[in-house]
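Each position in the sequence shown, counted from 1, maps to that position plus 216 in the numbering used here.
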Amino acid sequence: MYILLCADGSFYTGSTNNLQIRIAQHQAGEGANYTRKRLPVELVYYEEFDRVSDAFYREKQVQGWRREKKLALIEGRHEELKELAKKKWLRQAQPPAQ
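Written out as structure tokens, the structure reads:
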């Protein structure tokens with residue numbers, strides 16, 4: 217699982233079984249349509265997994281995170297990840313504004 221910083225400041229999260237090749241594909245405009253429109257990209261974070269299914273699961277998990285939580289992961293602020301997860305739960309638990 218990897219996270220790229222795109223030229224427009226957004227993040228792209230993906231997974232692959234060969235990170236070097238995949239990054240080269242993104243940089244050459246052969247990657248996802250999202251990154252193709254936001255070149256150049258920079259690898260800012262990655263995790264290695266023994267099983268592709270585990271990497272894919274983690275990719276989908278991180279894709280659902282807000283930017284603030286992704287930044288905490290990228291910057292190694294692991295203690296903040298739990299707090300940021302709690303904030304999401306609290307936002308979801310609040311009744312809609314009337």
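Backbone N, C-alpha and C define an ideal beta-carbon position, used for all residues, glycine too.
(message) Whole angstroms are fine: how far does the CA of Phe227 sit from the CA of Trp281?
(response) Taking the straight line joining both Cα atoms gives about 11 Å.
(request) Just mark Gly245 as buried or exposed, buried being the case when its beta carbon has 16 or more other beta carbons within 10 Å. (result) For Gly245, the number of other beta carbons within 10 angstroms of its own is below 16, and it is reported as exposed.
(message) Please state the DSSP three-state secondary structure of Glu263.
(response) Here Glu263 sits in coil by DSSP.
(message) So the candidates are Glu295, Thr229 and Asp224; which of them puts its Cα closest to the Cα of Gly247?
(response) It is Thr229.
(message) So, with DSSP's three-state summary, where would you put Thr251?
(response) Looking at Thr251 - three-state DSSP - the assignment turns out to be helix.
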